[in-house]
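Heads up: the structure comes next, in structure tokens.
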Amino acid sequence: MTEQHIPQRYATNPAQIPGMTTQDLRDTYLIPDVFVPGEIRLTYTHHDRIVLGGAVPAGGVLELGGYPEIRSDYFLEHREVGIINVGGTGTVTADGEVYTLVKGACLYLGRGIQAVSFADADGETGAQFYLFSAPAHTAYPAALVSPGEGTVRELGDQVTSNRRTLNQYIHENGVKSCQIVMGVTELHPGSMWNTMPAHTHDRRTECYLYFDLPEDARVIHLMGEREETRHLVIADRQAVISPSWSLHSGVGTSAYTFIWAMAGENQAFDDMDAAPVTDLR
């Protein structure tokens, strides 16, 4: 069997942004092919040593193994992972325990779980599992949260086009983890901004996965420093890496849903530094 590898994205700093072309930005921060039928497709970013990607069983069974890039015999030997299903109902089997994930459900698996596999649920097709993993120093129990059963926060206003429902799943007052903070935000019809004002998390990296976006729609994702902003044009089911120094905010040509996930210094959801729109350049 051919040894599997994880493509790597190396850490960057703000001074590199002014000299980057659009393609440079996309090659560095955008992950366009997250979900590939019949594959587990992962990307390793050296920003906080996060691994993110997708698993699409497509009628088969996919096993999550070890990779040379993380020097492990099995994937969760010294890592943890948050998993959210963005497709049809599927199952995740972890050391013999079977978890059924409907669309929008979140599963946390902690350090030390050896055998992890993905499949469609009986009679179902189309499961698409999004994975977000970070190094872990201890083990926390596995936990499954159904859609809407996390900590729900209503944010924004229709007047400012950012009315949204935020579901916090893995966080300091919810499912316990070493580093990961993870949840799902759904924009209400007529709202397009996922957050405004934009903000940074100077102590951790955040990644977004945009989904439930119509095929002919796009999200304009802002990034960079507030005095030197750039943007990425992102399609449905594509992910973006946002380093700790980079702001992140996006506006769509249609309403959409996105998974936000962070790892780094702490787990306080509100540990962020706002970037007022009047400061943006």
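Here the sequence shown is numbered in the numbering used here, starting from 6 and rising by one per residue.
Idealized CB from N, CA, C, for every residue including glycine.
Given the structure is predicted, the values throughout are model-derived calculations rather than measurements.
Q: Write down every uninterrupted run of the alpha helix (DSSP H) in the stretch 236–270 whose length is 4 residues or greater and which is fully enclosed by it, in chain order.
A: Fully enclosed alpha helix (DSSP H) runs of 4 or longer: not present.
Q) Using a Cβ-Cβ cut-off of 6 Å (strictly less than) and excluding sequence neighbours within five positions of E230, which residues of its own chain qualify? A) Taking the first residue of the sequence shown as 1, we reach residue 230 at position 225. Here the set comprises P19.
Q: Report the rounded CA-to-CA distance for R31 versus L237, giving the unit in angstroms.
A: The residue given as residue 31 occupies position 26 in the sequence shown. The residue given as residue 237 occupies position 232 in the sequence shown. Going by the C-alpha atoms only, they are around 7 Å apart.
Q.
Among T130, M197, P146 and M267, whose alpha-carbon lies nearest the alpha-carbon of L160?
A. Here residue 160 refers to the residue found at position 155 when the sequence shown is read from its first residue. Between L160 and the set T130, M197, P146 and M267, the nearest pair of CA atoms involves M197.
Q. Closest to T234 by CA distance: which of V282, V189, S259 and P219 is it?
A. Within the sequence shown, the letter at position 229 stands for residue 234. Among V282, V189, S259 and P219, the Cα nearest to that of T234 is on V282.
Q | Euclidean distance between Cα positions of V97 and P248 | A | The residue labelled residue 97 in the question sits at position 92 within the sequence shown. The residue labelled residue 248 in the question sits at position 243 within the sequence shown. The alpha-carbon of V97 is positioned some 29 Å away from that of P248.
Q.
Short of 7 Å in beta carbon distance, which residues of its chain neighbour M6, apart from the five on each side in sequence? Order them along the chain.
A. For the purposes of this step, residue 6 is taken as the residue at position 1 of the sequence shown. With a pLDDT of only 41 at M6, under 50, the local geometry of the prediction cannot be trusted, and the value read off the model is given with reservation. Shown here for M6: not one same chain residue has a beta carbon closer than 7 Å to its own, the five before and five after excluded.
(Q) Cutting at 8 Å between CB atoms, please list the residues of its own chain near G195, excluding the five before and the five after it. (A) Position 190 of the sequence shown, counting from 1, holds the residue named residue 195. Within the same chain, G195 has close Cβ partners Q163, S166, R168 and A260.
Q.
I'd like the span of the alpha helix (DSSP H) that includes D173, first residue to last.
A. Numbered from its first residue, the sequence shown carries residue 173 at position 168. Reading off the sequence shown, one finds Gln at residue 173, where the question assumed Asp. It is not in any alpha helix (DSSP H) - Q173 instead sits in the beta strand (DSSP E) that spans R169 to I175.
**Q.** Residue range of the beta strand (DSSP E) that includes Y49
**A.** Your numbering for residue 49 matches position 44 in the sequence shown. Segment I45 to T50, the beta strand (DSSP E) holding Y49.
Q | CB of F40 within 7 Å of CB of I88, strictly | A | For the purposes of this step, residue 40 is identified with residue 35 of the sequence shown, where counting begins at 1. For the purposes of this step, residue 88 is identified with residue 83 of the sequence shown, where counting begins at 1. Taking C-beta atoms as the reference points, F40 and I88 fail to come closer than 7 Å.
Q. If you check the beta carbons only, do A2 and T94 fall under 7 Å apart?
A. The question about residue 2 has no answer here: the residues shown for the chain are numbered 6 through 286.
Q) Which residues share a DSSP beta bridge with I225? A) The residue labelled residue 225 in the question sits at position 220 within the sequence shown. According to DSSP, I225 bridges with V238 and V256.
Q. Between the Cα of E211 and the Cα atoms of H51, Q28 and I11, which residue gives the shortest distance?
A. Along the sequence shown, read from residue 1 onward, the residue named residue 211 stands at position 206. Nearest C-alpha to E211: H51.
**Q.** Neighbour-count burial assignment, V103, 16 or more Cβ in a 10 Å radius
**A.** Start at 1 with the first residue of the sequence shown, and residue 103 comes out as number 98. Classification of V103: exposed, given that the 10 Å Cβ count is below 16.
**Q.** Reduced DSSP secondary structure (H/G/I, E/B, other) of I22
**A.** Numbered from 1 along the sequence shown, position 17 holds the residue referred to as residue 22. In the displayed model, I22 falls within a helix according to three-state DSSP.
Q | Residues near W250 by beta carbon distance below 8 Å, same chain, minus five either side | A | Taking the first residue of the sequence shown as position 1, residue 250 is located at position 245. Excluding sequence neighbours, W250 sits near N18, P19, T205, D207 and E230.
Q) Per DSSP, A13 is paired with what? A) Indexing the sequence shown from 1 puts residue 13 at position 8. This sequence places Gln at residue 13; Ala is not what is there. Here Q13 is bridged, per DSSP, to Y49.
Q. CB Y213 to CB W265, shorter than 7 Å?
A. Looking up residue 213 in the sequence shown gives position 208. Looking up residue 265 in the sequence shown gives position 260. For the 7 Å CB-CB criterion, Y213 and W265 form a contact.
**Q.** Continuous alpha helix (DSSP H) stretch holding D32: start and end
**A.** In the sequence shown, residue 32 corresponds to position 27, counting from 1. Where D32 is concerned, the enclosing alpha helix (DSSP H) stretches over T27 to Y34.
Q. Taking the C-alpha atoms as reference points, what is the distance between S77 and N178?
A. Taking the sequence shown and counting its residues from 1, one reaches residue 77 at position 72. Taking the sequence shown and counting its residues from 1, one reaches residue 178 at position 173. The straight-line gap separating the alpha-carbon atoms of S77 and N178 is approximately 30 Å.
Q: Could you tell me if P37 is buried or exposed, where buried requires 16 or more neighbouring beta carbons within 10 angstroms of its beta carbon?
A: Along the sequence shown, one-based indexing puts residue 37 at 32. It counts as exposed.
Q) Apart from the five residues just before and just after H142, which ones in its own chain have a Cβ nearer than 6 Å to its Cβ? A) Here residue 142 refers to the residue found at position 137 of the sequence shown. For H142, the CB contacts under 6 Å within the same chain, skipping 5 residues up- and downstream, are C183 in chain order.
Q. Helix, strand or coil: which one does DSSP assign to D284?
A. Taking the sequence shown and counting its residues from 1, the one referred to as residue 284 is at position 279. In this structure, D284 counts as helix in the three-state DSSP scheme.
**Q.** Minimum C-alpha distance to V66 - residue among T48, S122 and I225
**A.** Counting from one through the sequence shown, the residue named residue 66 turns up at place 61. Comparing Cα-Cα distances from V66 to each of T48, S122 and I225, the minimum goes to S122.
Q) When you compare each of D217, E232 and A244 to H226 by their alpha carbons, which one comes out closest? A) As a first step, residue 226 is located in the sequence shown; it is residue number 221 there, counting from the start. Taking each of D217, E232 and A244 in turn and checking the Cα distance to H226, the smallest one comes out for A244.
Q: Note down, in chain order, each residue of its chain lying with its Cβ closer than 6 Å to the Cβ of P12, except the 5 sequence neighbours on either side.
A: Locating residue 12 in the sequence shown gives position 7, counting from the first residue. The beta carbon of P12 is closer than 6 Å to those of T48 in its chain, skipping five residues each way along the sequence.
(Q) Taking 7 Å as the threshold (C-beta atoms), are I55 and A139 in contact? (A) In the sequence shown, the residue the question calls residue 139 occupies position 134. In the sequence shown, the residue the question calls residue 55 occupies position 50. In this structure, I55 lies closer than 7 Å to A139 by Cβ.
Q | Pick from Y174, H193, K108 and M228 that is closest to E154, judged by C-alpha positions | A | Taking the sequence shown and counting its residues from 1, one reaches residue 154 at position 149. Of Y174, H193, K108 and M228, the residue nearest in Cα terms is Y174.
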